[in-house]
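If you're matching positions, the sequence shown starts at 4 in the numbering used here and goes up one per residue.
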Amino acid sequence: MKTQVLPATNEALSLAAELLSGGQLVAFPTETVYGLGANALDKDAVLSIFAAKDRPADNPLIVHVWNRDQLANICEVPPLAERLMDAFWPGPLTLLMPRKAAIPEQVTAGLRTVAVRMPSHPVALDMLRACNLPIAAPSANRSGKPSPTTAQHVLTDMDGRIPLIIDGGSSDVGLESTVLDINQPVPCILRPGGVTQAMLEAVIGPVTVAGSVLRPLQAGEKALSPGMMYKHYSPDGQVSLVEGDETDVLAALRELHRQAAANGHRACVMCFTEHVAALADCQPHDLGSKDHPEEVAHRLFETLRRLDDEHMDAIFSEVVPPEGVGLAVMNRLGRAAAFRTIQAKDVIKNA
Ligand code: AMP
Ligand code: MG
Numbered sequence: 004m005k006t007q008v009l010p011a012t013n014e015a016l017s018l019a020a021e022l023l024s025g026g027q028l029v030a031f032p033t034e035t036v037y038g039l040g041a042n043a044l045d046k047d048a049v050l051s052i053f054a055a056k057d058r059p060a061d062n063p064l065i066v067h068v069w070n071r072d073q074l075a076n077i078c079e080v081p082p083l084a085e086r087l088m089d090a091f092w093p094g095p096l097t098l099l100m101p102r103k104a105a106i107p108e109q110v111t112a113g114l115r116t117v118a119v120r121m122p123s124h125p126v127a128l129d130m131l132r133a134c135n136l137p138i139a140a141p142s143a144n145r146s147g148k149p150s151p152t153t154a155q156h157v158l159t160d161m162d163g164r165i166p167l168i169i170d171g172g173s174s175d176v177g178l179e180s181t182v183l184d185i186n187q188p189v190p191c192i193l194r195p196g197g198v199t200q201a202m203l204e205a206v207i208g209p210v211t212v213a214g215s216v217l218r219p220l221q222a223g224e225k226a227l228s229p230g231m232m233y234k235h236y237s238p239d240g241q242v243s244l245v246e247g248d249e250t251d252v253l254a255a256l257r258e259l260h261r262q263a264a265a266n267g268h269r270a271c272v273m274c275f276t277e278h279v280a281a282l283a284d285c286q287p288h289d290l291g292s293k294d295h296p297e298e299v300a301h302r303l304f305e306t307l308r309r310l311d312d313e314h315m316d317a318i319f320s321e322v323v324p325p326e327g328v329g330l331a332v333m334n335r336l337g338r339a340a341a342f343r344t345i346q347a348k349d350v351i352k353n354a
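Below is the structure:
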């Protein structure tokens with residue numbers, strides 16, 4: 004199959020709507036990451052998403068809408084959801100709501116709830132309006148790879164597998180949406196994203212964060228958000244997180260890079276903009292400013308993908324405090340590193 008990449012003109016959006024109505028797949032930009040869309044009401048179209056991504060069938064999809072009236076066919080809408088939608092839609096907040104029968108169980112991987120979101124990206128909204136169908140869309144990457152934040156990333160993963168990619172430039176937030184479970188006494192963030200715990204609490208009061216956000220699942224522990232089960236967000240090389248005081252971390256990054264390079268690895272560091280000059284000899288990859296976690300979020304997946312392009316196999320990274328958007332950054336970076344963490348002090352002591 005030939006994959007077309009088209010800028011988001013009216014003609015391209017009409018073509019997208021036609022393809023989606025005919026049961027085909029279209030990749031499209033959103034403010035979080037690029038999505039791989041199919042008609043959420045068409046079981047076969049939904050199954051072809053799993054095939055194109057090599058996605059395990061037990062990892063459910065998010066249904067995208069442009070208009071709240073579409074929800075009537077998709078899910079029950081509790082009063083709490085109305086308040087959250089008033090405050091955060093359109094935007095990077097996915098709500099889990101009790102599923103209705105029109106949604107095939109392939110979308111929800113057999114779960115009782117369906118994940119729904121209204122994206123704020125104007126191209127996504129225009130496309131959803133043009134086809135006027137609920138669109139099931141996970142991130143448009145091959146399963147296990149970092150989510151795509153540009154049309155080029157999608158092309159790298161999906162060339163020959165889907166007919167159309169709509170190019171809407173680079174995704175603003177750069178990380179997937181916040182997934183909130185509102186079907187329990189205290190709503191729980193299953194996946195952190197651009198809408199933070201503090202933002203949610205300002206609107207609905209106490210919100211908890213699932214324990215597995217900042218650590219691997221433990222033996223026998225059930226994944227509340229199935230996507231968290233899988234090796235995810237990973238570049239091909241091995242990523243290690245380096246923790247400690249700023250000066251110690253810089254010294255440790257230099258030492259770790261030196262040792263890895265001496266052992267014949269293609270080694271590099273991921274560091275804040277403020278530290279690029281100090282780490283100039285360590286193949287620095289700029290994560291963005293340490294004072295702007297939104298910038299780190301925006302760049303993270305692109306940086307992880309670049310490591311693969313450069314065939315890096317030993318990657319040492321700084322970390323951000325796991326607060327606000329930093330929680331979402333550390334959730335993804337932690338998984339990219341399989342939670343492998345090195346204490347800077349130990350490196351310096353043994354150097
Ligand atoms: P993606 O858009 O590729 O990030 O995939 C959507 C993610 O949303 C999945 O990996 C799950 O973690 C989450 N999700 C979707 N539906 C549900 C659900 N019903 N319950 C819990 N998590 C869900
Ligand atoms: Mg994904």
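All residues carry an ideal CB built from backbone N, CA and C; glycine is no exception. This structure is a prediction, so every number in the text was calculated from the model and none was measured.
Within 10 Å of its beta-carbon, does residue i have 16 or more other beta-carbons around it, so buried, or fewer, so exposed?
| i | result |
| --- | --- |
| residue 321 | buried |
| residue 73 | buried |
| residue 94 | buried |
| residue 17 | exposed |
| residue 196 | buried |
| residue 211 | exposed |
| residue 68 | buried |
| residue 126 | buried |
| residue 292 | exposed |
| residue 57 | exposed |
| residue 33 | buried |
| residue 205 | exposed |
| residue 27 | buried |
For residue i, name the three-state secondary structure that DSSP assigns.
| i | result |
| --- | --- |
| residue 221 | coil |
| residue 97 | strand |
| residue 288 | strand |
| residue 159 | helix |
| residue 334 | helix |
| residue 273 | strand |
| residue 214 | helix |
What does a CB cutoff of less than 7 Å around residue i pick up in its chain, not counting 5 residues either side in sequence?
| i | result |
| --- | --- |
| residue 92 | 121 |
Apart from the five residues just before and just after residue i, which ones in its own chain have a Cβ nearer than 8 Å to its Cβ?
| i | result |
| --- | --- |
| residue 60 | 53, 109, 112 |
| residue 105 | 44, 76, 77 |
| residue 252 | 245, 246, 321, 347 |
| residue 84 | 98, 100, 185 |
| residue 162 | 6 |
Short of 6 Å in beta carbon distance, which residues of its chain neighbour residue i, apart from the five on each side in sequence? Order them along the chain.
| i | result |
| --- | --- |
| residue 170 | 8, 10, 154 |
| residue 37 | 30, 143, 151, 157 |
| residue 228 | 182, 193, 194 |
| residue 137 | 43, 66, 68, 73, 77 |
| residue 118 | 65, 97, 99 |
Please report the residue range of the alpha helix (DSSP H) in which residue i lies.
| i | result |
| --- | --- |
| residue 134 | 125–134 |
| residue 312 | 296–312 |
| residue 266 | Counting along the chain, residue 266 falls outside any alpha helix (DSSP H), and DSSP gives it neither H nor E. |
Looking at chain D, is there any beta carbon in it that lies within less than 7 Å of the beta carbon of residue i?
| i | result |
| --- | --- |
| residue 167 | Checking the listed chains, one finds no chain D in this structure; it contains a single protein chain. |
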